[in-house]
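Student: Numbering (our numbering), first residue to last: 25 to 542.
Glycine residues also receive a C-beta, built at the ideal position from the N, C-alpha and C atoms.
I have a structure here, written as structure tokens, and I will follow up with some questions on it.
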């Protein structure tokens, strides 16, 4: 295949082995992943919490630091995409399917099924449910994405390196980034990306199937999900072959527009005032408890620790596993923006949009549940959204719109995934060949099917946590490499001296004012 590298063939071979095992020995794969997941969450939960908190700290440091003025590209370069399109593209690729799948289910699950604080079914339980949902989809998640994306964009567009994970580590490992060590790093990134995207495709297929089951009694089976994945595969392959500036750009704007329509309808027809009040209260509680939630591991509470493993650790692993994919993609579309603008755009804006989304759908679900109109908590996770929409005027039309949005998010994520995997396995090419993208498109779909076949939702979650661990170490090295390079460039640009000169000027003015006062 044109421009295919050693990383491509090694990654394909490893993934083919895993997929074959999932198809031929599904029970064995589920058993192995379950045991590995248990060991990781029990032994490395503390590691994930500290690690992600450090990423948050680094991002905020760069936001206020003088190096925030440095561009992710040459100083004279302008951004390729408008700001609204840029935000739509990174948001669609980042958490689109997650919002649709968990937008209704997570708040109602925390409220009625398993509360993070043991307050199921109470007023305090409602507040806790929303606060922890914000926590999982807020600044921490986007700090993970933003860290990888910023490192890649900086080294690719400002330093002229190839758009590869391994090349960002050149300040630390030198020439080894070009050799076997570098290739091994890129293979880990590719496998993590495939597992992350395949997991989301699995969630998307399950929710589409759940909607069709709820609305039309279509059986919720592996056969149905296989057909859904095959149909959507054809759609995203068509989009992938049209290129970044056409397929992904158009789809990102379309699904953001459709999502906004659905959000506004639910907001207006739902408990509007309650939604606004709950949003305001929860944002305050989120900010007030930010540090406590960041490091909450519940060492003396077995039930609390189990909840953290199943939700927080799973989410941190999911975001880390997605980080190479979303990071490469966000870096690709962020060329020409300053580090400061990048941090604001990637951390704060998507977090706020997520808070609005969860407040709208979560509050509507909680009111529906509390009023006794429908027990949404008793529905399967993939059916909860459609159960909520059934109680609205034109419920069938809204559910069909929701299915369309899920399909477009599905296509956008897979489309972006084939593009990024193509880049990562063709030596950082900004425009990978159609044959490479098509190959990865097929592998993403087959991997998603293998995971679903070997254990459904639990197998997807297990695989996410396992795939994230090795890449998390690489992420630490990437951030250290970025800080080292930025420090060097700041000295070259005189940022440190500029700050000293300003301090001296301020001290001089103060002394003169004191003399005048005397």
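Using a Cβ-Cβ cut-off of 6 angstroms (strictly less than) and excluding sequence neighbours within five positions of residue 346, which residues of its own chain qualify?
Tutor: Closer than 6 angstroms at Cβ, skipping near neighbours: 220.
Student: Going along the chain, which residues of its own chain have a beta-carbon closer than 8 angstroms to the beta-carbon of residue 295, five neighbours each way excluded?
Tutor: 387, 388, 391.
Student: What residues in its chain sit with their C-beta under 6 angstroms from that of residue 361, if we drop five residues either side in the sequence?
Tutor: If we look at residue 361 and ignore the five residues flanking it on each side, its Cβ neighbours are 96, 103.
Student: In whole angstroms, what separates the C-alpha of residue 207 from that of residue 190?
Tutor: Approximately 7 angstroms, taken between the alpha carbons.
Student: Rounded to a whole number of angstroms, what is the C-alpha to C-alpha distance between residue 179 and residue 314?
Tutor: Distance between the alpha carbons of residue 179 and residue 314 is about 31 angstroms.
Student: May I have the straight-line CA-CA distance separating residue 140 from residue 131, to the nearest angstrom?
Tutor: So the two alpha carbons sit approximately 11 angstroms from each other.
Student: According to DSSP, simplified to helix, strand and coil, what is residue 268?
Tutor: Because residue 268 sits at a pLDDT of 49, beneath the cut-off of 50, its placement in the model cannot be relied upon, and the point is left open.
Student: Given residue 168, which residues of its chain have a CB within under 7 angstroms of its CB, disregarding the five upstream and five downstream residues?
Tutor: Hits under 7 angstroms: 76, 79, 343, 344, 347.
Student: If we call anything under 9 angstroms between Cβ atoms a contact, is residue 15 one with residue 214?
Tutor: Because the chain is modelled from 25 through 542, residue 15 falls outside the range shown and cannot be assessed.
Student: Helix, strand or coil for residue 450 per DSSP?
Tutor: In this structure, residue 450 counts as coil in the three-state DSSP scheme.
Student: Which residues in the same chain have their Cβ closer than 6 angstroms to the Cβ of residue 227, if we skip the five residues on either side of it in sequence?
Tutor: Counting only Cβ-Cβ distances below 6 angstroms, and skipping sequence neighbours, we find 121, 125.
Student: Label residue 30 either buried or exposed according to how many other C-beta atoms from any shown protein chain fall within 10 Å of its C-beta, with 16 as the threshold for buried.
Tutor: The residue is exposed, with fewer than 16 neighbouring Cβ atoms inside 10 Å.
Student: Thinking C-alpha only, which one of 83, 211, 192, 172 is nearest residue 38?
Tutor: Of the listed residues, the one whose Cα sits closest to residue 38 is 211.
Student: Give a yes or no on whether the C-beta atoms belonging to residue 161 and residue 382 are separated by under 9 angstroms.
Tutor: Going by C-beta atoms, residue 161 is nearer than 9 angstroms to residue 382.
Student: Taking the straight line between their C-alpha atoms, what separation do you get for residue 181 and residue 417?
Tutor: Between residue 181 and residue 417, the C-alpha separation is close to 50 angstroms.
Student: Do residue 499 and residue 172 have their beta-carbon atoms positioned less than 9 angstroms apart in this structure?
Tutor: Yes. Within cutoff.
Student: Hey, how far is the Cα of residue 47 from the Cα of residue 33?
Tutor: Residue 47 and residue 33: Cα-Cα distance of roughly 21 angstroms.
Student: Can you round the beta-carbon distance between residue 70 and residue 321 to whole angstroms, since I take them to be within the 8 angstroms contact cut?
Tutor: Between residue 321 and residue 70 the Cβ distance is about 6 angstroms, and since that is below 8 angstroms, they are a contact.
Student: Does the Cβ-Cβ distance between residue 401 and residue 133 come in under 9 angstroms?
Tutor: Yes; because the gap between Cβ atoms is below 9 angstroms, this pair is in contact.
Student: Quick check: what's the CA-CA separation for residue 184 versus residue 491?
Tutor: C-alpha separation (whole angstroms): 29 angstroms.
Student: Terminal residues of the continuous alpha helix (DSSP H) containing residue 323?
Tutor: Where residue 323 is concerned, there is no enclosing alpha helix (DSSP H), given that its DSSP letter is neither H nor E.
Student: Quick one: what's got a C-beta closer than 6 angstroms to residue 153's C-beta in the same chain, skipping five residues either side?
Tutor: So the list reads 131, 134, 135, once near-sequence residues are dropped.
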